[in-house]
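J.: I'd like to ask you about the structure that follows.
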Amino acid sequence: MSLFLVKRLATLIGTLIGASVIVFLVLEILPGNAAQMLMGPDASPEAVAALATKLGLDQPAWTRYWHWIGGLLTGNLGDSYAYSSPVLDLILERLALTVPLAVLAMALTVVIALLVGV
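Just so we're aligned: 727 in my numbering is position 90 of the sequence shown, and the numbers increase by one with no gaps anywhere.
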């Protein structure tokens, strides 16, 4: 039983690492510059370069990946540009409604599945 759990845990860790690499690579190959998109098309090249430096976009991709993973593992998900607040605070604020809805949906699913005979 413990060998089964170890294998499952190793598979989970490998899947999470693989998914994080894929997400990061997809974001890397998207056309455009994040700093340019945030500043808009009328921004000066100097302002875009300053924001790119502030965001760390001037660093190599592997360095940005490790900063991204480090922030993810420590709960630092960055700041929302739309709300001007930490992303983790926004997520936690919305969990108060999301968790009860998810529990209710799961309970309803189980009841319907039992009634149908699945």
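Yeah, the Cβ is synthetic: ideal placement off N, Cα and C, and Gly gets one too.
All figures in this text were calculated on a predicted structure; none of them were measured in a lab.
Measure the CB-CB distance between V724 and G715 and report whether it falls below 7 Å.
T.: The residue labelled residue 724 in the question sits at position 87 within the sequence shown. The residue labelled residue 715 in the question sits at position 78 within the sequence shown. Going by C-beta atoms, V724 is nearer than 7 Å to G715.
J.: May I ask you to report which of helix, strand or coil DSSP gives D695?
T.: As a working mapping, residue 695 is identified with position 58 in the sequence shown. In the structure shown, D695 sits in coil (DSSP, three-state: anything other than H, G, I, E or B).
J.: Excluding five sequence neighbours on each side, which residues of the same chain lie with their C-beta closer than 8 Å to the C-beta of L738?
T.: Sequence index remark: in the sequence shown, residue 738 carries index 101 (1-based). Result list for L738: empty, nothing under 8 Å.
J.: Grab the span of the alpha helix (DSSP H) containing P737 for me, first residue to last.
T.: Along the sequence shown, one-based indexing puts residue 737 at 100. V724 to V753 is the extent of the alpha helix (DSSP H) around P737.
J.: With DSSP as the reference, label S639 as helix, strand or coil.
T.: Along the sequence shown, read from residue 1 onward, the residue named residue 639 stands at position 2. The answer is helix: DSSP assigns S639 an H, G or I state.
J.: May I have the straight-line CA-CA distance separating T735 from A750, to the nearest angstrom?
T.: One-based indexing of the sequence shown puts residue 735 at position 98. One-based indexing of the sequence shown puts residue 750 at position 113. Going by the C-alpha atoms only, they are around 22 Å apart.
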